[in-house]
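Taking it in order: structure first as structure tokens, then the write-up.
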Amino acid sequence: MTDVKTSPGFLHLHALNGGGEWLHMCIKHRETSAYLMEVAMLDDLVVDAMIEEDTRSRVRVLDDGIMVLLKAMHVGQDMARPEDMVSIRIWIDKTRVITTREADVDPILALHQKLSAGAGPTTPGEFLADLIEEHLDEVDDHIEELEDAVNRIEGLVGTHQTEAACPNMAQTQSRISGFLRHLGPQKPVLEHLSRCKHSLLSERERTRIDDGLDQLLRYLETLQNLRDRVDILNDQVARIQDRQLTRSSFVFSVVATLFLPLGFIVSAFGVSLMGVPFEGHANGFTILMVICLALVAGMLVLFRWRKWL
Numbered sequence: 597m598t599d600v601k602t603s604p605g606f607l608h609l610h611a612l613n614g615g616g617e618w619l620h621m622c623i624k625h626r627e628t629s630a631y632l633m634e635v636a637m638l639d640d641l642v643v644d645a646m647i648e649e650d651t652r653s654r655v656r657v658l659d660d661g662i663m664v665l666l667k668a669m670h671v672g673q674d675m676a677r678p679e680d681m682v683s684i685r686i687w688i689d690k691t692r693v694i695t696t697r698e699a700d701v702d703p704i705l706a707l708h709q710k711l712s713a714g715a716g717p718t719t720p721g722e723f724l725a726d727l728i729e730e731h732l733d734e735v736d737d738h739i740e741e742l743e744d745a746v747n748r749i750e751g752l753v754g755t756h757q758t759e760a761a762c763p764n765m766a767q768t769q770s771r772i773s774g775f776l777r778h779l780g781p782q783k784p785v786l787e788h789l790s791r792c793k794h795s796l797l798s799e800r801e802r803t804r805i806d807d808g809l810d811q812l813l814r815y816l817e818t819l820q821n822l823r824d825r826v827d828i829l830n831d832q833v834a835r836i837q838d839r840q841l842t843r844s845s846f847v848f849s850v851v852a853t854l855f856l857p858l859g860f861i862v863s864a865f866g867v868s869l870m871g872v873p874f875e876g877h878a879n880g881f882t883i884l885m886v887i888c889l890a891l892v893a894g895m896l897v898l899f900r901w902r903k904w905l
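Numbering (the working numbering), first residue to last: 597 to 905.
This is the structure we're talking about:
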């Protein structure tokens, strides 16, 4: 890969421990496309996919190599939400690994550190298997965080703390949807690679990728289960809030029912042509209040007897 370091899109070049090289480039520079096509001599369709900004996870197997497009995480300042994965594009052939990116992703950074330290993959096929493992291992921690979040929400809903549960529920639901959106399309990619009989992938590497597929399937099943649980919790919160609203409306209705006759009595006494009742009595006001309280008590007994309270 001569003169590659002079390209504006060059990021780094590593020698694999077992022979071959790994070139990493940035697609934000138009010279990257020209280099991949004219110097690296990649197929036009491969180059188009390797520099495409908005990609979907997929795999393309050619006679001379394999192209893999995946979505992976970069948990850092540039990416506050791990579920908002970014594209990673990989090409492997007998002597080369070429990767391109628009933004950093953690699996690439991890392999870069390993190779810089004299460790890491030895062949292009092993590079691909290592990258998939790095990617899925990082996802595992975030799946566990989501499980803990849903468990906490269930605890809040179980104690009717809906105001505390709702914001957490919306955020968790958004994160689950994000992971499903990016991890779901990777299932057929790993299925294809695990069955691929290409000479670039040894039996051991296909087995490792198949293990990664099993890991991915468990993640997808867990995420689907978490989404179903959140949907159920949403329904429970809606029912709790409906009951609270109904209860509040009922209380207001009872209060209005209790005070309506009292208001009528006071108004009637106030406009009596014969004068205010008990006007000449020393405890007239007290007697009137006792009558009103007795009326309220009688209405409460009636409501309880009719099971309205």
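In this text, a Cβ means the ideal position worked out from N, Cα and C, and glycines have one as well. Keep in mind it's a predicted model, so treat the numbers as computed, not measured.
Between the beta-carbon of residue i and the beta-carbon of residue j, is there less than 7 Å?
{"i": "residue 684", "j": "residue 666", "result": "yes"}
{"i": "residue 721", "j": "residue 786", "result": "no"}
{"i": "residue 753", "j": "residue 833", "result": "yes"}
{"i": "residue 612", "j": "residue 768", "result": "no"}
{"i": "residue 617", "j": "residue 692", "result": "yes"}
{"i": "residue 749", "j": "residue 761", "result": "yes"}
{"i": "residue 790", "j": "residue 806", "result": "yes"}
{"i": "residue 836", "j": "residue 756", "result": "yes"}
{"i": "residue 655", "j": "residue 788", "result": "yes"}
{"i": "residue 711", "j": "residue 610", "result": "yes"}
Roughly how many angstroms lie between the CA atoms of residue i and residue j, to the nearest whole one?
{"i": "residue 813", "j": "residue 824", "result": "16 Å"}
{"i": "residue 729", "j": "residue 775", "result": "17 Å"}
{"i": "residue 601", "j": "residue 668", "result": "26 Å"}
{"i": "residue 733", "j": "residue 816", "result": "14 Å"}
{"i": "residue 716", "j": "residue 604", "result": "26 Å"}
{"i": "residue 621", "j": "residue 821", "result": "38 Å"}
{"i": "residue 630", "j": "residue 619", "result": "15 Å"}
{"i": "residue 744", "j": "residue 737", "result": "11 Å"}
{"i": "residue 810", "j": "residue 793", "result": "19 Å"}
{"i": "residue 537", "j": "residue 645", "result": "Given a span of 597 to 905 for the chain in the structure shown, any question on residue 537 remains unanswerable."}
{"i": "residue 634", "j": "residue 628", "result": "10 Å"}
{"i": "residue 894", "j": "residue 763", "result": "45 Å"}
{"i": "residue 879", "j": "residue 831", "result": "57 Å"}
For my contact list, residue i and residue j are in at a C-beta cut-off of 8 Å; report their separation, rounded to the angstrom.
{"i": "residue 664", "j": "residue 686", "result": "5 Å"}
{"i": "residue 918", "j": "residue 703", "result": "Any property of residue 918 remains undetermined from this structure, which presents the chain solely from 597 to 905."}
{"i": "residue 643", "j": "residue 632", "result": "5 Å"}
{"i": "residue 699", "j": "residue 731", "result": "Their Cβ separation, rounded to whole angstroms, is 15 Å, which puts residue 699 and residue 731 out of contact at 8 Å."}
{"i": "residue 818", "j": "residue 739", "result": "6 Å"}
{"i": "residue 705", "j": "residue 765", "result": "The pair is not a contact, with the Cβ atoms about 33 Å apart (cut-off 8 Å)."}
{"i": "residue 623", "j": "residue 662", "result": "That belief does not hold up - the Cβ atoms of residue 623 and residue 662 are roughly 19 Å apart, past 8 Å."}
Quickly, what does DSSP pair residue i with across the bridge? List them, please.
{"i": "residue 749", "result": "Residue 749 pairs with nothing; no bridge assigned."}
{"i": "residue 697", "result": "622, 684"}
{"i": "residue 617", "result": "611, 692"}
{"i": "residue 657", "result": "662"}
{"i": "residue 668", "result": "682"}
{"i": "residue 606", "result": "621"}
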